[in-house]
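Its first residue numbered 2, the sequence shown is counted upward by one per residue in this note's numbering. Note that the Cβ used here is the ideal one computed from N, Cα and C, for glycine as well. All values derive from a computational prediction rather than experimental measurement.
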Amino acid sequence: MNKKADAIIIGAGVIGSSVAFELAKRGYKTLNIDKLPTSGYGSTSNSCAIVRAHYSTWDGVAMAYEGFFYWDDWANYLGVEDERGMIKYMKTGSIMFKLQGEDHSKKSLKYFEEIGVEHEIWDLDKLKERMPIYSHDQFDGTTRPDEDEHFFDKTGKEIEGAIFTPGSGYVSDPQLSSHNLQVAAEANGGEFLFNNEIKEIRQENGKVLGVILKTG
C-alpha cells in the first residue's frame with residue numbers, strides 16, 4: 002500500500018484524532034494509522050473522561066484550561082454532525098482538596114492565578130457545607146494499598162479546604178469523542194487507516210520519511 006501525506010499520525014484516540022483535525026483544518030493532508038478497528042478503541046475508551054485543570058506544570062494547566070472551552074462548545078468547535086451522535090460535556094465542576102502543609106494544590110493554585118483559571122477557594126466550613134458527604138480527615142505520607150496496617154492511618158488533622166473549578170466536568174462518552182474528531186478531520190480532508198500496525202518508521206539523516214506497515 003502506498004499513500005502520501007503531509008503528516009502521518011500513529012494512533013486515532015482522542016489525542017491522535019484531535020491532532021488530525023487541527024492539522025487538516027489548516028490545510029495539511031493527514032493520515033492516521035491505528036491497529037484497532039476504529040477511533041478511540043484503545044486507552045481513550047478506558048478513560049474516565051474527566052476534564053480538569055489541576056496539573057503539575059504551567060503548560061499542562063494552560064492547555065487543559067483552553068480545552069474547557071472546546072468541550073463546552075463541542076459541536077461548533079468541530080463544525081460537523083456525527084451520524085453516531087455528538088458527545089455531551091457535563092460541566093459539573095470539580096474540587097481539589099487543600100491539605101495542611103505542602104501539597105499539590107499550592108502549585109496548582111499558583112498556576113490558576115497566573116493563567117486566569119476560574120476558581121473558588123473554599124475554607125473547611127464552606128467545603129463541609131457544599132460537600133458534607135466527604136471525610137475531611139487528612140491522611141499523610143505515601144502508603145501502598147497492600148500495606149493494610151497503615152493504609153488508613155490518619156494524621157489527626159483536618160484538611161484546610163478545597164479549590165473549586167466550575168468549568169471542570171466530564172465527557173459523556175470518551176470513545177464517541179474520538180469518533181466525533183475523526184468525522185471532523187475527515188470533513189477537512191483527513192484520512193484514517195484502521196486494522197493496520199506500523200512495522201518501521203523510515204528515517205534518513207535524522208529526518209522521518211514515512212512508515213512501513215506490517216502488511217507491507
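Drop a sphere of 10 angstroms on the beta-carbon of tryptophan 59, count the other beta-carbons inside from all chains shown, and report buried for 16 or more, exposed for fewer. On the sequence shown, residue 59 is found 58 positions in, with the first residue counted as 1. By the Cβ-count criterion, tryptophan 59 is exposed, with fewer than 16 other Cβ atoms from all chains shown falling within 10 Å of its own Cβ.
Isoleucine 199 and isoleucine 11 look like a contact to me (Cβ under 8 Å); what is the Cβ gap, rounded to whole Å? Here residue 199 refers to the residue found at position 198 when the sequence shown is read from its first residue. Here residue 11 refers to the residue found at position 10 when the sequence shown is read from its first residue. The pair is a contact, with the Cβ atoms about 6 Å apart (cut-off 8 Å).
Assuming threonine 156 and phenylalanine 140 are in contact, meaning their beta carbons sit under 8 Å apart, how far apart are those beta carbons, in whole angstroms? For the purposes of this step, residue 156 is taken as the residue at position 155 of the sequence shown. For the purposes of this step, residue 140 is taken as the residue at position 139 of the sequence shown. 7 Å between Cβ atoms; contact.
Delimiting residues of the alpha helix (DSSP H) encompassing glycine 80: As a position in the sequence shown, residue 80 is number 79, starting the count at 1. Boundaries for glycine 80: no alpha helix (DSSP H) harbours it, and the DSSP string shows neither H nor E there.
Please return the same chain residues whose Cβ sits closer than 7 Å to the Cβ of alanine 163, not counting the five positions on each side in sequence. Counted from its first residue, the sequence shown places residue 163 at position 162. In the same chain as alanine 163, and ignoring 5 residues on each side of it, the C-beta atoms closer than 7 Å to its own belong to Ile96, Met97, Phe98, Lys99, Trp123 and Leu128, in chain order.
Quick test of your reading: valine 172 and alanine 50, contact by CB under 8 Å. State the CB separation rounded to the nearest angstrom. Residue 172 sits at position 171 when you count from the first residue of the sequence shown. Residue 50 sits at position 49 when you count from the first residue of the sequence shown. Indeed they touch by this definition, with Cβ atoms about 4 Å apart.
Please list the terminal residues of the continuous alpha helix (DSSP H) segment that includes serine 95. Position 94 of the sequence shown, counted from the first residue, corresponds to residue 95. First-last for serine 95: 95–99, but that is the beta strand (DSSP E), not the alpha helix (DSSP H).
Straight-line gap, aspartate 126 to valine 62 (C-alpha atoms, nearest Å): To locate residue 126, count along the sequence shown from 1; it is residue 125. To locate residue 62, count along the sequence shown from 1; it is residue 61. In a straight line, the C-alpha of aspartate 126 is about 27 Å away from that of valine 62.
Find out if the Cβ-Cβ distance for the pair serine 169, valine 15 is shorter than 9 Å. Start at 1 with the first residue of the sequence shown, and residue 169 comes out as number 168. Start at 1 with the first residue of the sequence shown, and residue 15 comes out as number 14. Result no, Cβ atoms of serine 169 and valine 15 do not sit closer than 9 Å.
Where does phenylalanine 22 fall in DSSP's three states? In the sequence shown, residue 22 corresponds to position 21, counting from 1. In this structure, phenylalanine 22 counts as helix in the three-state DSSP scheme.
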